[in-house]
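Heads up: the structure comes next, in structure tokens.
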Amino acid sequence: MADQTRPFDVLIIGGGNAGLCAAITARRAGARVLVLESAIKDFRGGNSRHTRDIRYMHRGATDYVTGPYGEDEFWEDLRQVTGGETNERLARLVIRESETLGDWMAANGVRWQKPLRGTLHLTRTNLFMLGGGKAMVNAYYDTASKLGIEIAYEAEVCELKMRDGEAQGVMALCHGASQEIDAKSIVVASGGFEANIPWLKEYWGEAADNFIIRGTKHNQGRLLKELLKHGAKPVGDPRGCHAVALDARAPKFDGGIVTRLDSVPFGIVVNKEVRRFYDEGEDFWPKRYAIWGKLIAQQPEQIAYSVIDAKALPLFLPSVFPPVQAASIPELASALGLDSSALATAVNNFNRAVQPGAFDPGSLDNCRTEGLDPPKSHWARPIDTPPYYGYPLRPGITFTYLGVTVNEQARVIMQDERPAKNVFAAGEVMAGNILGKGYLAGFGLTIGSVFGRIAGREAARHAGF
1081 MADQTRPFDV LIIGGGNAGL CAAITARRAG ARVLVLESAI KDFRGGNSRH TRDIRYMHRG
1141 ATDYVTGPYG EDEFWEDLRQ VTGGETNERL ARLVIRESET LGDWMAANGV RWQKPLRGTL
1201 HLTRTNLFML GGGKAMVNAY YDTASKLGIE IAYEAEVCEL KMRDGEAQGV MALCHGASQE
1261 IDAKSIVVAS GGFEANIPWL KEYWGEAADN FIIRGTKHNQ GRLLKELLKH GAKPVGDPRG
1321 CHAVALDARA PKFDGGIVTR LDSVPFGIVV NKEVRRFYDE GEDFWPKRYA IWGKLIAQQP
1381 EQIAYSVIDA KALPLFLPSV FPPVQAASIP ELASALGLDS SALATAVNNF NRAVQPGAFD
1441 PGSLDNCRTE GLDPPKSHWA RPIDTPPYYG YPLRPGITFT YLGVTVNEQA RVIMQDERPA
1501 KNVFAAGEVM AGNILGKGYL AGFGLTIGSV FGRIAGREAA RHAGF
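With our numbering, the residue at position 360 of the sequence shown is 1440, and numbering never jumps.
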């Protein structure tokens, strides 16, 4: 651990994207900065390691995006997926501030790659990191090292020392030894509580045992609990989360993006009782993929099955696990552990409901069903071309939306509506201010980047820089 003879100017709790953006910004302002990362060095970066792209506002095409994405369209996309459950003031702040992220991230070591094709249709709205989130995290840590930012790994904060809305410091376990760390300003960027299964059970009951955690096992929510204990004002639905359809064969933690399944729009999804339960083609996948985890969580035994045929297989990014393959629908059902006659009936009913149309995976086409409940609004084609394929699906939790309220300066708001004097928050721990429900692909990284920079700037300012 670094020299403790004098307090740090800015203490960052959490070494993911939001924390690193805060650390770099505070250090560039002149502050002495310490980052506490609970993971070992090889697993540093939290959920940010598993990202691959960031949504940002921009005025035209570049080498890395195919067209403009303005504030009004960005806001409307967010308003639609959240159903209006968002703090518009903070949301628009993120949108506007995101315009500078492309250049800022590149200046701090992140490299971009040419637009990708695929299910998510993000070539116009999102920038993709060359090497993905792991390369981004490594670039930021390299920049932090060059700037003289001090990093402590295997350092987990277990107690936040606060009095009357002001933090004096923290108690942390550093390589198993208890240590008191003082700081003039503190930035909490320690994520949500999605890896804390007992806490999830408080809201989801026994169903939480069947959830798969896409990211780090270290997001236990300890700092969130500490902040709430000390009077921070909560925000967000405790059951709210960014949850996707994940391959049921994925590991419990840290499976990342390669275990996500994007096959849903191109076939049907049934539950264990072989019943469809939602419109698979409701809207473009970037606006709907993050509702499917919660939908599956509401099904019997928290499991579902994606069923497609040979003509759909080339249309989406597959899971790292191969699909279950069969020559017929009854054989596929048997391989998936489903009732064969029930799945054959479900597929036949779907095929009969499909209306003629011009299939186009790049648009909201006119391939739909009629007389089917639930309907399939777009990309509906008969499942009739062998071989047939199936994937078992589980809820894959990315991050939880319960967090702490913040203002435009990233200051944590207390229950008496006063801002904390020197405690700031960024990233998943405050994303519930903006994401009341739903999700936009790449937007979590946007929130963390924007509020990380704000928190770093304001924390350094409070410390006298």
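We put the CB at the ideal spot given by N, CA and C, even for glycine. If you're wondering where the values come from, they're calculated on a predicted model, not measured in any experiment.
Where residue i falls: helix, strand or coil (DSSP)
{"i": "Glu1362", "result": "coil"}
{"i": "Asn1446", "result": "coil"}
{"i": "Arg1302", "result": "helix"}
{"i": "Ile1376", "result": "helix"}
{"i": "Ile1175", "result": "helix"}
{"i": "Phe1504", "result": "strand"}
{"i": "His1138", "result": "strand"}
{"i": "Gly1546", "result": "Nothing about residue 1546 can be reported from this structure: the residues present for the chain run from 1081 to 1545 only."}
{"i": "Ile1463", "result": "coil"}
{"i": "Glu1286", "result": "helix"}
{"i": "Asp1152", "result": "helix"}
{"i": "Val1315", "result": "strand"}
{"i": "Tyr1519", "result": "coil"}
{"i": "Ala1247", "result": "strand"}
{"i": "Val1145", "result": "coil"}
{"i": "Arg1169", "result": "helix"}
Identity of the residues DSSP links to residue i by a beta bridge
{"i": "Thr1480", "result": "Cys1321"}
{"i": "Leu1598", "result": "As shown, the chain starts at 1081 and ends at 1545. That puts residue 1598 outside it, with no answer to give."}
{"i": "Ile1292", "result": "Gly1476"}
{"i": "Leu1253", "result": "Glu1236 and Ser1258"}
{"i": "Gly1470", "result": "Val1387 and Val1404"}
{"i": "Val1486", "result": "Val1492"}
{"i": "Pro1499", "result": "Ile1493"}
8 Å contact criterion, which residue i and residue j should meet: CB distance rounded
{"i": "Gln1489", "j": "Glu1538", "result": "5 Å"}
{"i": "Ser1386", "j": "Val1344", "result": "6 Å"}
{"i": "Ala1506", "j": "Gly1528", "result": "6 Å"}
{"i": "Ala1535", "j": "Phe1504", "result": "4 Å"}
{"i": "Ala1521", "j": "Leu1202", "result": "6 Å"}
{"i": "Ala1269", "j": "Gly1532", "result": "6 Å"}
{"i": "Ser1457", "j": "Glu1362", "result": "6 Å"}
{"i": "Asn1513", "j": "Val1349", "result": "Between Val1349 and Asn1513 the Cβ distance is about 31 Å, and since that is not below 8 Å, they are no contact."}
{"i": "Ala1106", "j": "Val1113", "result": "5 Å"}
{"i": "Val1581", "j": "Ala1415", "result": "The chain is shown from 1081 up to 1545; residue 1581 falls before or after that span and cannot be answered."}
{"i": "Arg1172", "j": "Trp1155", "result": "6 Å"}
{"i": "Leu1395", "j": "Pro1441", "result": "6 Å"}
Beta strand (DSSP E) segment containing residue i, residue limits
{"i": "Ile1092", "result": "Phe1088 to Ile1093"}
{"i": "Asp1262", "result": "Ala1257 to Val1268"}
{"i": "Phe1208", "result": "Asn1206 to Phe1208"}
{"i": "Asp1133", "result": "Asp1133 to Arg1135"}
{"i": "Asp1389", "result": "Ala1384 to Asp1389"}
{"i": "Arg1491", "result": "Arg1491 to Ile1493"}
{"i": "Val1349", "result": "Ile1348 to Asn1351"}
Burial state of residue i, where buried means 16 or more other Cβ atoms lie within 10 Å
{"i": "Glu1130", "result": "Just to set this straight, residue 1130 is His in the shown sequence, not Glu. Buried: at least 16 other Cβ atoms inside 10 Å."}
{"i": "Gly1516", "result": "buried"}
{"i": "His1255", "result": "exposed"}
{"i": "Ile1447", "result": "Residue 1447 is actually Cys in this sequence, not Ile. Buried."}
{"i": "Arg1043", "result": "Any question about residue 1043 goes unanswered here, given that the chain covers just 1081 to 1545."}
{"i": "Arg1472", "result": "The sequence shown places Pro at residue 1472, rather than the Arg named in the question. Counting Cβ neighbours within 10 Å, Pro1472 comes out buried, since at least 16 surround it."}
{"i": "Met1251", "result": "exposed"}
{"i": "Gln1382", "result": "buried"}
{"i": "Glu1353", "result": "exposed"}
{"i": "Gly1347", "result": "buried"}
{"i": "Met1444", "result": "Note on identity: in this sequence residue 1444 is Leu, with Met being the wrong assignment. Exposed, since its Cβ has fewer than 16 Cβ neighbours within 10 Å."}
{"i": "Ile1493", "result": "buried"}
{"i": "Cys1101", "result": "buried"}
{"i": "Val1145", "result": "buried"}
{"i": "Ser1128", "result": "buried"}
{"i": "Glu1134", "result": "For the sequence presented, residue 1134 should be read as Ile rather than Glu. It is buried - the Cβ of Ile1134 has at least 16 other Cβ atoms within 10 Å."}
{"i": "Ala1407", "result": "exposed"}
Continuous alpha helix (DSSP H) stretch holding residue i: start and end
{"i": "Leu1416", "result": "Ile1409 to Leu1416"}
{"i": "Gly1182", "result": "Leu1181 to Ala1187"}
{"i": "Leu1395", "result": "Where Leu1395 is concerned, there is no enclosing alpha helix (DSSP H), given that its DSSP letter is neither H nor E."}
{"i": "Ile1104", "result": "Asn1097 to Arg1108"}
{"i": "Thr1425", "result": "Ser1420 to Ala1433"}
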